[in-house]
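Every letter in the sequence shown is one number past the one before it in my numbering, and letter 220, counting from 1, is 220. Even for Gly, the Cβ is constructed at its ideal location relative to N, Cα and C. All values derive from a computational prediction rather than experimental measurement.
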Amino acid sequence: MLRELSIRNFAIIDDLRISFSGGLTVLSGETGAGKSIIINAVNLLLGSRATSRMIRTGADNAELEAFFDVGSGSSVALAMAGHDIDPADGLLIRRIISRNDRHRIYLNGRLATSQMLNVITGSLASISGQHAHQGLLREEQHLLLLDQFAGLMPLRESVTDRHRAIQPLIRKLNDLRSLQNRQTEQIAYLEFQKNEIESAAVEPGEDDALEGEKIRLKNARTLYQTVHESIESLYGAPGAAAEQLAGSHKALDAAGRLDPQLAQIAGRTGEAVIQLEDIVAELRTYLQALEADDGRLESVEERLDLLNRLKRKYGGSLDAVIERKHQIDRELADIEQLTDTIRDTEHELSGRHRELAALAEELSGKRKEAAAVFSRKVIEELAGLNMADTEFQVALKPVPVDAAADPFLSADEGRLITESGLDRAQFMIAPNVGEALKPLASIASGGELSRVVLALKAILAQNESVETVVFDEVDTGIGGGTAEMVGRKLLDLAGHHQIICITHLPQIAKFGRHHFRIEKHVTNGRTRTTISPLSDDERVRELARMLGGENLTTATLNHAREMLGPPSA
Numbered sequence: 001m002l003r004e005l006s007i008r009n010f011a012i013i014d015d016l017r018i019s020f021s022g023g024l025t026v027l028s029g030e031t032g033a034g035k036s037i038i039i040n041a042v043n044l045l046l047g048s049r050a051t052s053r054m055i056r057t058g059a060d061n062a063e064l065e066a067f068f069d070v071g072s073g074s075s076v077a078l079a080m081a082g083h084d085i086d087p088a089d090g091l092l093i094r095r096i097i098s099r100n101d102r103h104r105i106y107l108n109g110r111l112a113t114s115q116m117l118n119v120i121t122g123s124l125a126s127i128s129g130q131h132a133h134q135g136l137l138r139e140e141q142h143l144l145l146l147d148q149f150a151g152l153m154p155l156r157e158s159v160t161d162r163h164r165a166i167q168p169l170i171r172k173l174n175d176l177r178s179l180q181n182r183q184t185e186q187i188a189y190l191e192f193q194k195n196e197i198e199s200a201a202v203e204p205g206e207d208d209a210l211e212g213e214k215i216r217l218k219n220a221r222t223l224y225q226t227v228h229e230s231i232e233s234l235y236g237a238p239g240a241a242a243e244q245l246a247g248s249h250k251a252l253d254a255a256g257r258l259d260p261q262l263a264q265i266a267g268r269t270g271e272a273v274i275q276l277e278d279i280v281a282e283l284r285t286y287l288q289a290l291e292a293d294d295g296r297l298e299s300v301e302e303r304l305d306l307l308n309r310l311k312r313k314y315g316g317s318l319d320a321v322i323e324r325k326h327q328i329d330r331e332l333a334d335i336e337q338l339t340d341t342i343r344d345t346e347h348e349l350s351g352r353h354r355e356l357a358a359l360a361e362e363l364s365g366k367r368k369e370a371a372a373v374f375s376r377k378v379i380e381e382l383a384g385l386n387m388a389d390t391e392f393q394v395a396l397k398p399v400p401v402d403a404a405a406d407p408f409l410s411a412d413e414g415r416l417i418t419e420s421g422l423d424r425a426q427f428m429i430a431p432n433v434g435e436a437l438k439p440l441a442s443i444a445s446g447g448e449l450s451r452v453v454l455a456l457k458a459i460l461a462q463n464e465s466v467e468t469v470v471f472d473e474v475d476t477g478i479g480g481g482t483a484e485m486v487g488r489k490l491l492d493l494a495g496h497h498q499i500i501c502i503t504h505l506p507q508i509a510k511f512g513r514h515h516f517r518i519e520k521h522v523t524n525g526r527t528r529t530t531i532s533p534l535s536d537d538e539r540v541r542e543l544a545r546m547l548g549g550e551n552l553t554t555a556t557l558n559h560a561r562e563m564l565g566p567p568s569a
């Protein structure tokens, strides 16, 4: 139940706060006073999209706030708990709308997302205004209303869940069959790739090793000259380093016999002589290799060209090329098992199709039973809203199968299974005696549509989970005795819900348990909207204004008192 509503710097409202109670609350005021702005504010708090255009001129931010009582164990409480928000103390929704479009949402003081807000407020309150009237003209809503009335939503959701669950399997089967159709080409293509990779006999890291060898081979002349000169200076030429080092070793070895301190140094020079000989031997081996591989550069470059082509084709690296070969092996193995996989998938789909079709048939049968009851109740409700001779019927028709439909989404007798089942519903109405039933969208006037909306709300009152229902434009196209009947119906609804009704008609306003007047004033060159609870005397004057305009007369005041006399309900 909505308890508090606060609006700051929103459109022409600078600062407004309203406290609400249970039962029927009426909001009245002149056209343009700001009643629709309040509806827009509530819509935003329930999750509709915000824009900076809503901010009052001269302000940086608009701030909206609403506090709701939340029943323990209710769907709202469960949704709050599911987002780690404690519902024990109710729900405080706060929205800040900024000029820079960086809007913020807070739930019980915690920063939240639009998605969280929509989930939590989904069954918190509903607004029945122009949107509800337009929604009633969309035939997809007719089936939903019938299912809600008949308590078929759990069964409908089961059909939806199974319909969605079968979709990936259908796509899988279609992909498998498509693969099977092009299997010969696919096998040839995969085997070509496999042979190409296998014939190359790729080794991990081979390209890096070949790149190094290529550099050596391209610089072979320089390397040969450097190594040859090094061998000569170290060993080959007269007076080479090896010869001088050997002489020094011999002299130090002899001196070491005279002084033991030199013996250790002599040993190290002997080791140096051996190391120098090893170095020269390795250089000679390196030199021989350079001399022996004059044609190697060409073969290295050809090998690198092959490896680079494979890398470009299969993933950019030799590891990717090797992995592609393993992947091809797996794909070829899968193709070999394709027939078995298709058979298993068809078997699973057949089972799921039987379950889906059985549930859809059950749902369709219960809808047919509920449609007659629903139609009768709508007729009864409309009779109480001054549409006594109206005929109303829910026309149920199957959804036909088109040429593109998958057989696993089809039922007997050429019917298509959709997420909502086998049926389409259309509300048919004949407001006047002797007229044929026609679709609601093509025949209903504004006043008739308002009463149909109210009749449906009355029928669904016992089943609807929302506690708060806001009615805007419920008095469209009606007046006189019809308006009084609508007022009584709203009072009846207030026995099941908190009802907030914006109205221009005193015949409706008189039934309110609480009455607020919305007014627009100009102060210091700025327009602002205020809302005030009315005392008994103020309420008389407000109904008199609604009856006769701003110039109150004794007659209109007396009429208003008469209307507000002893409660009529």
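Tell me where the beta strand (DSSP E) around residue i begins and ends.
i	result
P533	526-533
R17	13-19
F408	Careful: F408 lies outside any beta strand (DSSP E) and carries neither H nor E.
V470	468-472
Can you tell me whether residue i is helix, strand or coil according to DSSP?
i	result
A149	At residue 149 the sequence reads Phe, which differs from the Ala that was named. In the structure shown, F149 sits in a helix (DSSP, three-state: H, G or I).
N174	helix
E391	strand
F511	coil
N308	helix
R138	coil
M1	coil
V587	Because the chain spans 1 through 569 in this model, residue 587 falls outside it and cannot be assessed.
Q498	strand
G479	coil
T341	helix
E519	strand
E554	Strictly speaking, residue 554 in this sequence is Thr, with Glu absent from that position. Looking at T554 - three-state DSSP - the assignment turns out to be helix.
N432	coil
S6	strand
A33	coil
G565	coil
A425	strand
S28	strand
T418	strand
L290	helix
S317	coil
L143	helix
L505	coil
L396	strand
Quick one: is residue i buried, meaning 16 or more other Cβ sit within 10 Å of its Cβ, or exposed?
i	result
P238	exposed
K218	exposed
N9	buried
D344	exposed
P567	Because the pLDDT at P567 is just 46, under 50, the model does not fix this residue reliably, and the value given afterwards should be weighed accordingly. Classification of P567: exposed, given that the 10 Å Cβ count is below 16.
T553	exposed
L543	buried
D472	buried
T113	exposed
A569	Confidence in A569 is poor, its pLDDT being 43 and thus under 50, which makes the residue's placement unreliable; the coordinate value appears in the next sentence. Classification of A569: exposed, given that the 10 Å Cβ count is below 16.
V457	Position check: residue 457 holds Lys in this sequence, whereas Val was assumed. By the neighbour-count rule (16 or more Cβ atoms within 10 Å), K457 is buried.
I93	buried
F192	exposed
Between which two residues does the alpha helix (DSSP H) containing residue i stretch?
i	result
F192	183-200
D402	Careful: D402 lies outside any alpha helix (DSSP H) and carries neither H nor E.
S123	Neither: S123 is in no alpha helix (DSSP H) and is coded neither H nor E.
G447	446-460
E538	536-548
Shorter than 8 Å from the beta carbon of residue i to some beta carbon of chain D?
i	result
I459	Of the chains in the structure shown, none is chain D; there is only one protein chain.
Review point. How about the segment 62-72 and the segment 554-562: do they share at least three Cβ pairs that are nearer than 8 Å?
Key: no
Exercise for review: Write down every uninterrupted run of the alpha helix (DSSP H) in the segment 38-113 whose length is 4 residues or greater and which is fully enclosed by it, in chain order.
Suggested key: 75-82
Review point. Is there contact here, the segment 16-23 with the segment 90-105, by at least three beta-carbon pairs under 8 Å?
Key: no
Point to revise | Inside the segment 205-285 only - alpha helix (DSSP H) runs reaching at least 4 residues | key: 206-218, 220-231, 241-256
Check your understanding: Counting Cβ pairs, one atom from each stretch, are 3 or more of them under 8 Å apart for the segment 514-523 and the segment 481-489?
Key -> no
**Study point:** the segment 23-38 / the segment 492-506 touching (three or more Cβ pairs under 8 Å)
**Key:** yes
Review point. Would the segment 43-62 and the segment 92-99 be scored as touching if the rule is three or more Cβ pairs under 8 Å?
Key: yes
Review point. Is the segment 116-127 in contact with the segment 43-57, if contact means three or more CB pairs nearer than 8 Å?
Key: yes
Check your understanding: Would you call the segment 326-338 and the segment 351-371 touching, i.e. three or more CB-CB distances under 8 Å?
Key -> no
Review point. Should the segment 366-377 be called in touch with the segment 399-413, which here means at least 3 C-beta pairs below 8 Å?
Key: no
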